[in-house]
Amino acid sequence: MAHTTATDRPIRAARRASALIAAAAVLTLSTTLLAGNARAQSDEKIVFTVGVTTDIDSFNLNVGYTVEAYEAWNLHYPTLTDFTDEDFAPQGALAESWEGAGQEYTYTIRDGLVWSDGEPLTAEDIAYTINRSRDEEWINHSSITANLTAEALDPTTLRVTSSVKDPRLPAIPMYVVPKHVYETVSADDMASHDATKDPGAGPFILTEWKTEQFWRMEANDNYFRGRPAVDEVVFKYYSDQDALVAALQAGEVDASANIDADNISEFDGDDTFTVIYGNQGTFSELSVNPGDNSQGGHNPVLEDLQVRIAIAHSIDRELLIDRVLDGHGQPAATMTPGASPSWDLDIPEDEQYLYDLDRANQILDDAGYVDSDGNGIREDTAGNDIDLRLFILDDATNGEFVEGMVEELGFDVTVRVFDSGQLGTKIAEGDYDMFLWGWTPFVDPDPMLSYFTCDQISGPEEVESGSYGYNDASWCNEEYDELYKRQNQELDPDVRRDLVQQMLKLFHDDAAYVALYKAEDINVFNNTRFGGFNCQPTDTGPMLFTNSSSSYANLVRVESGVGAANCGDRDPNATPVDEPGEGSTPATDGGAEVEIEDSSDNNTGLIVGGVAIGLALIAGVGFAVRRKGSADDRD
Amino acid sequence: MLTLILRRLMAGVVMILFVLSFNFFLFRVVESDPVGSLYRGRNISAEQRERIQERYGLNGSKPEQFVKYVREMARGNFGYSYANNRPVSTLIREKLWPTLWLVGISTLLSTLLGTIIGIWSAWHRGSWRDYLGTGTTMLLYAMPDFWLAMIVLVWFGREMGWFPLGGLEDPSSDAVGLTKLLENIHHLVLPGLVLTLSYLGEYALVMRSSLIEVMGEDYLTVARAKGLRDKFVRSRHAVRNAMLPVITLITLNFGFVLGGAIAVESIFSIPGLGNATLAASKGPDLPMLQALFLLFSVSVIVMNIVAEILYMYFDPRVRTR
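Chains A and E supply the protein sequences, listed in that same order. Quick note, the first sequence lines up with residues 1 to 635 if you use our numbering. Quick note, the second sequence lines up with residues 1 to 321 if you use our numbering.
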């Protein structure tokens, strides 16, 4: 009998397989029905779902750096002041109003503020955050609080003194942390502090975060600008962009800022979606080493301004925007110092180094760099072929284009690929000829302008310690430094703007940084589900992942018609944008009034159920036949 | 036989030690600046930098780092991820289950279905059934899994709307317990289907050719001559002997289960080990990569040993050799 049992194995395996298929089918059936149910239930809440392709790296304010982390902090933590959507003018947040001038301001804090754990939020919390972040150089605070001292005069009065003249004041757009929690965290433990449990006081509070799946934020009933109309904001992670596109089309996700230019055409002509193109100062540059880093390592021919100007003239920005960005960008003349285009360099076209290959070649001929041996490569003054190294990042898409453009001048260009850490080291050592990278500036132009002062060029000591300076142009200009110091302390906005313009002109003219373009952020949303988005700045910026992230608190569920975005008069190619209010109904009572069509889910259940039952039947029949067969054999 | 097993185990341990040290050097061949990558674009003071280097075990010379690395690995401390500052062991624990579920069940299903199809095709060799079975499995075997995944995702997820388009759960559902489990399964159906389909071809083809080889043997003629029913001859005499190569294949493939299915996990946004490998290689997140490679190597080595032991059990000839 033992023999029979052993040889029975394949049959039993087959029988088990049938049983497994049957079980799987039944499971699928019930899953679908139940999952459909669960979704129908959760739809009673108004949930706005954003699809993302990068997760938060860390919710800890002293560790995180991804824009996703900033978006979550913007919603969770309150700030003393933030910025208007229209033009980044400072406006009160926790502060109701302020008075003062120069280096001292007194803020009146809103009354009755509470943290999400029920503890009162007072001027004490704000003073604590300013003073501690200054002393411990918190990485996301110190650029704002480095020179500030704060004192809580009473729960609703805060006095802030700056040790220097600071044109950014009264704006203090810094995340305020709860004193009663952070008092228990020592400086040494700060990097390992689990901030996901921090109480917040912003419009939405982080309630759940599953890494590389989603994070969920619930509307804050006590938000000082009033409870948002949306009950929950969910950021859902997709590791594949095509899957994210499909998720938008299927209605699993309501909006995203992670669709690339070459995928956005999926939404062309689809009235369900509105696409917004916006820029908050992000720009890309070709850095050409003028050799002001004393450690050397560059091709000396680049020290000649005429060579750098010729390279600047060889760049066809329109072509780059067309090919690399699918047309979604603006040409840039020089660095963008601030998030608002109002800071950008404003010079006539004939003073800019625009694309002009003939002129570029003429400049090189006149400067004496000619190809005398006829091998197609120009020679330097010593008679050697000019060979330039172009360093690019591993994810660069513009490298080959720029390589070809510079080669058009008669230079031999060699491309090398690095990760960001390695390229950072090369730059700090001054060991490069050209590289391609980009920046996204802060709202105020001061930090961006400070990066190109002489003292930000790394020396051997910085390279040794690994604490590099910011100046990745290897460019030093005493006049620029002098202007920087003046604008840094200039409290008259018009005078300051004029100083900034002079600095940008100097920076542009020396052609150490050939700005390429300002790439546009692409935002897409399902306008049959939500409306009320705000762009920042209104006329030119994006609506998600902005500096103040104000869209979420203003969203409304669309009942009929087209959901609107308040983004000025934007791209005519995008779906027309309605004025806010039209066709959208604020649902402030938790969504009881909002009617939700969910018939597709019920159908889904039925169809899948049918298939599953069919499979189960087939498997069952197979199982019975096999049973019969083996019973016969045993006889 | 015991000596043989012991010898295999010893070899396995040596192999794991080799992988352990090889990993350290493999990921340090390319000069990189992890702290620079970690704080890209931001200035940090020398003290801060030192603190970070200490935390990530990046201070000291290469040999010192190696000693520290081996010591910490032996203690089961895999360090902290560069990407999010969390302990690598915690991250791997989190990502282990989705992969075990998805790839494990798919491998199981594909071995069962593949073997059955293989037997069926071989037994009906030359008939329309063989052409159908072999044709289908050849097609599935040749189909790139990422392509199949994309088709399945777009069709059953986007067009029909039957299944979710990614992840393991619906973030806004309040489901708990069994309902939650069913919700997870609902999310795993499509990636599971893709993996099952793309794996089963291999088993079917190996099973088919192995069985066809056995079918020519004299003992089958004897079995038939004894008057045994055809089905009986197949299951008790032919398949049993033809199973050997398939068992090896199955066992070895189970060693790769932990390696996850990078393409399929990535397309369906499954937070498993495959997706983690992809993410870690972008950083590069060295502590995470090291731990993942070690885990994959150990699992392959262990399953190799298991395969050998199973072979000894099923094929007495190996034992006596």
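Glycine is no exception: its CB is placed at the ideal position from the N, C-alpha and C atoms.
One finds nothing in chain A with a Cβ atom closer than 7 Å to the Cβ of E:Ser-89; even the nearest lies about 14 Å away. Of the residues E:Gly-167, E:Leu-211 and E:Val-194, the one whose Cα lies closest to the Cα of E:Glu-183 is E:Gly-167.
In the DSSP assignment, E:Trp-120 falls outside any beta strand (DSSP E) and within the unbroken alpha helix (DSSP H) covering 105-123. Residue E:Val-206 holds the alpha-carbon nearest to the alpha-carbon of E:Pro-245 among E:Val-206, E:Gly-157 and E:Phe-268. For E:Ala-83, a Cβ of chain A is located within less than 8 Å of the residue's own Cβ.
Secondary structure note for A:Ser-192: it is in no beta strand (DSSP E), with a DSSP letter that is neither H nor E.
When Cβ-Cβ separations below 8 Å define contact, A:Val-47 makes contact with chain E. Taken through DSSP and simplified to helix, strand or coil, E:Phe-163 comes out as coil. A:Asn-220 carries a coil assignment under DSSP once its states are collapsed to helix, strand and coil. Between E:Ser-210 and chain A, the shortest Cβ-Cβ separation is not below 8 Å. Ranked by Cα distance from A:Glu-119, the first of A:Gly-100, A:Tyr-355, A:Ala-339 and A:Pro-178 is A:Pro-178. The Cβ atoms of E:Ser-106 and E:Leu-252 do not sit closer than 8 Å to each other.
Between A:Met-335 and A:Leu-390 the beta-carbon gap is near 19 Å, outside 8 Å, which marks them as no contact. In the three-state DSSP reduction, A:Tyr-237 falls in the strand class (E or B). The residue from A:Asp-569, A:Leu-555, A:His-193 and A:Asp-472 with its alpha-carbon nearest to that of A:Gly-541 is A:Asp-569.
Across the set A:Val-164, A:Arg-317 and A:Val-500, the C-alpha of A:Arg-317 shows the shortest separation from the C-alpha of A:Gly-329. Secondary structure at E:Val-152: helix, using DSSP grouped into helix, strand and coil.
Beta bridge pairing from DSSP links A:Leu-388 with A:Val-413. The C-beta distance from E:Val-103 to E:Val-257 rounds to 5 Å, short enough to fall under 8 Å. About 53 Å separates the beta carbons of E:Ser-61 and A:Val-47, which is beyond the 8 Å limit, so they are not a contact pair. Listed in chain order, the positions of the stretch 153-164 of chain E with a beta carbon within less than 7 Å of a beta carbon of chain A are Leu-153, Val-154, Gly-157, Arg-158, Gly-161, Trp-162 and Pro-164. Residue environment: E:Leu-6 is assigned as exposed (fewer than 16 neighbouring CB atoms within 10 Å of its CB, all protein chains considered).
When the beta-carbon positions are compared, E:Leu-165 and A:Ala-250 come within less than 8 Å of each other. Cβ-Cβ separation between A:Val-415 and A:Glu-403: approximately 5 Å, consistent with a contact (criterion under 8 Å). Around A:Glu-124, the same chain offers Ala-152, Pro-155 and Lys-179 as residues with beta carbons nearer than 8 Å, after the five sequence neighbours per side are excluded. Taking 7 Å as the upper bound on Cβ-Cβ separation, chain E lies near residues Ser-239, Asp-240, Asp-242, Ala-243, Ala-246, Ala-247, Gln-249, Ala-250 and Glu-252 of the stretch 239-260 of chain A. Residue contact check for A:Ser-342 against chain E: no CB pair falls below 8 Å. When secondary structure is reduced to three states using DSSP, E:Leu-9 falls in the helix class. By the CB criterion at 8 Å, E:Ala-276 and E:Leu-91 fall inside the cutoff. According to DSSP, residue pairing for A:Arg-557 in a beta bridge involves A:Phe-530. With 16 or more neighbouring CB atoms inside 10 Å of its own CB, A:Gly-278 falls in the buried class. Comparing alpha carbon positions, the residue from A:Glu-478, A:Asp-539 and A:Cys-535 closest to A:Phe-507 is A:Glu-478. Nearest to A:Glu-285 by C-alpha distance, out of A:Met-190, A:Gly-438, A:Val-463 and A:Asp-431, is A:Gly-438. Using a Cβ-Cβ distance cut-off of 8 Å, the stretch 210-217 of chain E and the stretch 226-243 of chain E are in contact, since at least three pairs of beta carbons, one from each stretch, lie closer than that value. Under DSSP, the beta-bridge partners assigned to A:Ser-162 are A:Leu-148. Apart from the 5 residues on each side of it in sequence, A:His-141 sits with its Cβ closer than 6 Å to the Cβ of Ser-133 and Met-174 in its chain, given in chain order.
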